[in-house]
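Trainee:
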Amino acid sequence: MSHLLDEIDVAILKHLQENGRAQRNTIAELVGLSVPSVSERMKKLEEKGLIQGYNAILDSRAFNFDITAFIFVQVDGSENYNIFVEKVMDEEEILECHSITGDGSHFLKVRTKNTASFERLLSRIQSWEGVSKTRSNLVLSSFKETRSLPIEQATELIKKS
């Protein structure tokens, strides 16, 4: 789905990626529009699905979620695909699930409190129908973790002035 954006839309989106709590008057000042104009643009960006939500980013370690891991999962047979996805959606410790090519059929990002809770989660996943293999990697340290997109590189979506 393609949406044409102008430079003001790009500036609004870029600023919101950096500060999702930015007040509309701050954004209006930044892009040189009135607050109602910025509000209307943001509403349209939300309606188009370009802005999917506003979330606080929590420090996982402050909440004692000390283990971050990536799990490659091999799910055998397409008949097990929907069941697997449903099970993933029910597990709060699974933060992301991606269908992949290569080693495994799915890639999970998980956060758990400790190695014991990680082991319990892994055991549950391995017991799911159709799961024939898992391979886990525990994260020792993280240097970059973001959901921000380099939207200014999406030049095909930006209207030329």
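For the sequence shown, the numbering used here gives the first residue as 91, with consecutive numbering after it.
We put the beta carbon where it would ideally sit given N, CA and C, even for glycine.
Predicted, not measured: the structure shown is a model, and the values here were computed from it.
1) Does the distance from the CB of residue 200 to the CB of residue 160 come in under 9 Å?
2) By DSSP's criteria, residue 161 is part of a beta bridge. Which residues make up the other side?
3) Which residues share a DSSP beta bridge with residue 221?
4) The ligand HEM heavy atoms versus the CB of residue 95: any closer than 8 Å?
5) Would the beta-carbon of residue 129 fall within 9 Å of that of residue 114?
6) Spell out a yes or no on whether the segment 202-210 and the segment 142-157 are touching, meaning 3 or more CB-CB pairs, one atom from each, closer than 8 Å.
7) Going by C-alpha distance, which of 233, 103 and 148 is nearest residue 133?
8) Which residues in the same chain have their Cβ closer than 6 Å to the Cβ of residue 142, if we skip the five residues on either side of it in sequence?
9) DSSP three-state call for residue 150: helix, strand or coil?
10) How long is the line joining the alpha carbons of residue 126 and residue 197, rounded to whole angstroms?
11) How far does the beta strand (DSSP E) with residue 186 in it reach, from first residue to last?
12) Pairs of beta-carbons, one from the segment 211-230 and one from the segment 163-177, closer than 8 Å: are there three or more?
13) Could you spell out where the alpha helix (DSSP H) holding residue 101 opens and where it closes?
14) What residues are listed by DSSP as bridge partners for residue 248?
15) For residue 151 and residue 243, I'd like the C-alpha separation in whole angstroms.
16) Out of 186, 194 and 94, which one is the CA nearest neighbour of residue 139?
Mentor: The structure says:
1) yes
2) 198 and 226
3) As a beta-bridge residue in DSSP terms, residue 221 pairs with 165.
4) Because no ligand of any kind appears in the structure shown, any question about the ligand HEM cannot be addressed here.
5) yes
6) Yes: at least three Cβ pairs fall under 8 Å.
7) The shortest Cα separation from residue 133 among 233, 103 and 148 belongs to 103.
8) none
9) Residue state, collapsed to three classes: helix.
10) Cα-Cα distance, rounded: 42 Å.
11) 184-189
12) yes
13) 97-108
14) 95
15) 33 Å
16) 94
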